[in-house]
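**Student:**
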Amino acid sequence: MGWLLNLPVSLWRRLLLIGQGLGALAMLIGTGLKALSGSGATFADRLKAELSSPVSQRRAFALLRLVQPNLVLRTRFITSYPNTGTAVTSRRADVLEVLSRDEDFGVVYGPRMETITGGENFFLGMANTARYTRDVSNMRLAVRRDDVASLVKPMVAGSAAELVAAAPGRIDVPQALTLPTAARLLETYFGTPGPSQAEIADWTTTLFWYLFIDLKADPALDARAEASAAAFRDWLDAWIVARKGESGAKDDIIGRCLAMQAGGLPGMSDRDIRNNLIGLMIGELPTTSAAANLALDELLDRPEALAGACAAARADDDDRLAAYLFEALRFRPLNPLIYRRALRDTAIAAGRLRARRIPEGTMVMASNLSAMFDPLEIPHPTDFSIDRPWEVYVLWGYGLHACFGAYLNRVTIPTMLKPLLARPGLRRAAGPEGRLDLAGTPFPVHLHLEFDR
Ligand code: HEM
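Heads up: the sequence shown at position 409 corresponds to 1731 in our numbering, and the numbers run straight through without jumps.
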């Protein structure tokens, strides 16, 4: 008899789509009026600031899902990678379709990956080729899923507990907890400490920015990225030589890579190991720290959810704590959009009313943020709920290039925040210091919190 319910449920979801879209339109008009009547910077700057907030982004996507789920424009918004125009995809089914169709929608990062390594691509920048499979498989032999419970969790828990214990009732979360914890994981688990924590954090952060966020190809940033990449390559080349000269094998990621090289595995020359490790280290440090801060910041704006997460941390209930943090990240994913370039003339949502033709060369922005709020597929999408099935979350990609570190992320983020969330009376510091400060970068640089000792 369940089928009898299909019609009303389907109608209800369509009504929600309409209601949320129209509600979002009204709120966005309000935002525009607020920017119009504000003072200080120019109207355009005020409007940009208002519209770039996470809540405005969610509203813009609610409107797009209703009125133009697949928006196609001739304008080129991205200049860092070649393209002929822009499309924005907002319905969940279409976002997942784009990220699943590697033959039609390809990754674009190859040229910048080659700049970083001094000539070679890294597997995130590759199409679905034999070389892609070889490189990913090699690195999966080195970064093993078993390690998450046996090595990574204890390492992160130990670092985070020590760092929070050293904070006297007040902590600048990115500087004193999340960046050092992510850097220590590179030191202990990867076996690649860099010349200093500050330098490895700077290199990986600048290169992540260059690859994924520098969409307008800012010449000053690009010059900094090239200098960081050269220093990173030199350091890692020398480090690999030094590690090979050491007696006794170490069971860390670089040690495993060297063991695979000694066993004659293809794709594991010194240069290959260096390039793969650069890619993984860029993936690990800035992202883990940034995502942890975004989740925390979102919780701090939701007193009930914050209390629930703190109670879970104190009760040692790791699954429940993780559920709070990943639901918080649903509202503030680090990457709200994932982009691909159309490799040929094609269509999205073919055969549906919302189908759109996508000319070859179009940069397609598939919004994973929007996919996680689509009322046609996600029950009660605007509620903060810790009971959602994991499949709802598209926090770090989907399909072939879904995040290599996905299993790590599910443990590192809750584990590094747990000792802080377990502190009594956790709250924002007074004034602007208690607000997330990006300090002119796309990443959380400061967030001062206080707690009772
Ligand atoms: C919370 C932290 C993280 C976030 C938000 C994140 C985000 C993402 C996203 C959105 C993608 C897909 C990119 C695309 O399809 O264009 C991705 C892929 C990737 N990530 Fe992560 N990531 C995180 C942590 C990590 C960690 C810890 C590592 C390394 C251990 C890592 C390494 C990679 C790699 C190598 C890929 C490419 C996978 C492939 O091409 O098959 N990431 N990540």
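All residues carry an ideal CB built from backbone N, CA and C; glycine is no exception.
1. Please return the same chain residues whose Cβ sits closer than 6 angstroms to the Cβ of Ala-1687, not counting the five positions on each side in sequence.
2. Taking 8 angstroms as the threshold, find out whether the region 1399 to 1408 comes into contact with the region 1338 to 1355 through three or more Cβ pairs.
3. Please classify Phe-1444: is it buried, with 16 or more other beta-carbons within 10 angstroms of its beta-carbon, or exposed?
4. Our contact map puts Leu-1803 next to Leu-1599 with C-beta atoms below 8 angstroms; I'd like the distance itself, whole angstroms only.
5. Excluding the five sequence neighbours on either side, which residues of its own chain have a C-beta within less than 6 angstroms of the C-beta of Leu-1463, listed in chain order?
6. Looking only at its own chain, which residues have a Cβ that is under 7 angstroms from the Cβ of Leu-1739, when we skip the five neighbours before and after it?
7. Less than 9 angstroms separating the beta-carbons of Glu-1699 and Arg-1414?
8. Determine whether the beta carbon atoms of Ala-1547 and Asp-1536 lie at a separation below 9 angstroms.
9. Give the DSSP bridge partners of Thr-1510, in chain order.
10. Under a three-way DSSP split, which group does Arg-1335 fall into?
11. Would Leu-1691 pass as a contact of Arg-1380 if the rule is Cβ separation under 9 angstroms?
12. Would you mind listing the alpha helix (DSSP H) stretches within the region 1418 to 1460 that are 4+ residues and don't spill past its ends, in chain order?
13. If I follow the unbroken alpha helix (DSSP H) through Val-1716, where does it start and stop?
14. Please report how far the alpha carbon of Phe-1399 lies from the alpha carbon of Thr-1684, in whole angstroms.
15. Give the straight-line distance between the Cα atoms of His-1702 and Ile-1708, rounded to the nearest whole angstrom.
16. Based on Cα-Cα distance, which residue from Arg-1749, Lys-1475 and Thr-1704 lies nearest to Leu-1273?
17. Going straight from the alpha carbon of Arg-1666 to that of Gly-1428, what length do you get?
18. When every heavy atom of the ligand HEM is checked, does at least one fall within less than 8 angstroms of the C-beta of Ala-1489?
19. Considering just the uninterrupted stretch of the alpha helix (DSSP H) at Tyr-1646, what are its terminal residues?
20. Going by the C-beta, is Cys-1725 closer than 8 angstroms to any heavy atom of the ligand HEM?
21. Would you check if the region 1667 to 1683 and the region 1362 to 1369 touch, i.e. whether three or more CB-CB distances between them fall below 8 angstroms?
22. With Arg-1368 as the anchor, note down where its alpha helix (DSSP H) starts and where it stops.
23. If distances are taken between C-alpha atoms only, which option among Arg-1596, Cys-1725, Val-1733 and Gly-1360 comes closest to Gly-1441?
24. Considering Cα atoms alone, identify which of Ser-1550, Ile-1575 and Ala-1551 is closest to Ile-1562.
25. Write down the C-beta distance between Arg-1775 and Gly-1491 rounded to the nearest angstrom, noting that I regard them as a contact closer than 8 angstroms.
26. If I measure Cβ to Cβ from Cys-1579 and keep anything under 6 angstroms in the same chain, skipping five residues before and after, which residues do I get?
27. Ignore the nearest five residues each way along the sequence and tell me which others in Thr-1526's own chain have a CB closer than 7 angstroms to its CB.
28. Out of Ser-1459, Ala-1761, Gly-1727 and Ala-1449, which has the shortest C-alpha to C-alpha gap to Met-1590?
29. Check this for me: beta carbons of Asn-1392 and Ala-1671, under 9 angstroms apart or not?
30. Taking 6 angstroms as the limit between beta carbons, can you name the residues of its chain near Arg-1749, skipping five residues before and five after?
31. Considering only heavy atoms of the ligand HEM, does any lie closer than 8 angstroms to the CB of Pro-1625?
32. Over what stretch of residues does the alpha helix (DSSP H) that includes Val-1474 continue unbroken?
33. When DSSP builds the beta bridges, which residues end up paired with Asn-1392?
34. Alpha carbon to alpha carbon, how far is Gly-1762 from Ser-1550? Give it in angstroms, no decimals.
**Tutor:** Looking at the atomic coordinates:
1. Residue identity check: residue 1687 is Met in the sequence provided, not Ala. Taken in chain order, the residues that qualify are Val-1410, Leu-1659 and Tyr-1661.
2. no
3. buried
4. The first residue shown for the chain is 1323 and the last is 1775, placing residue 1803 beyond what the model contains.
5. none
6. If you ignore the 5 residues before and after Leu-1739, its C-beta comes within less than 7 angstroms of the C-beta of Ala-1614, Leu-1618 and Leu-1647, all in its own chain and listed in chain order.
7. yes
8. yes
9. Thr-1510 pairs with nothing; no bridge assigned.
10. helix
11. yes
12. 1432 to 1439
13. Neither: Val-1716 is in no alpha helix (DSSP H) and is coded neither H nor E.
14. Roughly 11 angstroms separates the two Cα atoms.
15. 12 angstroms
16. Because the chain here runs from 1323 to 1775, residue 1273 falls outside it and cannot be looked at.
17. 10 angstroms
18. no
19. 1640 to 1653
20. yes
21. no
22. 1365 to 1373
23. Arg-1596
24. Ile-1575
25. 5 angstroms
26. Contacts found: Ala-1464 and Ile-1595.
27. Met-1603, Ile-1604, Leu-1607 and Pro-1608
28. Ser-1459
29. yes
30. Glu-1772
31. no
32. Element bounds for Val-1474: n/a, residue is neither H nor E.
33. Thr-1411
34. 18 angstroms
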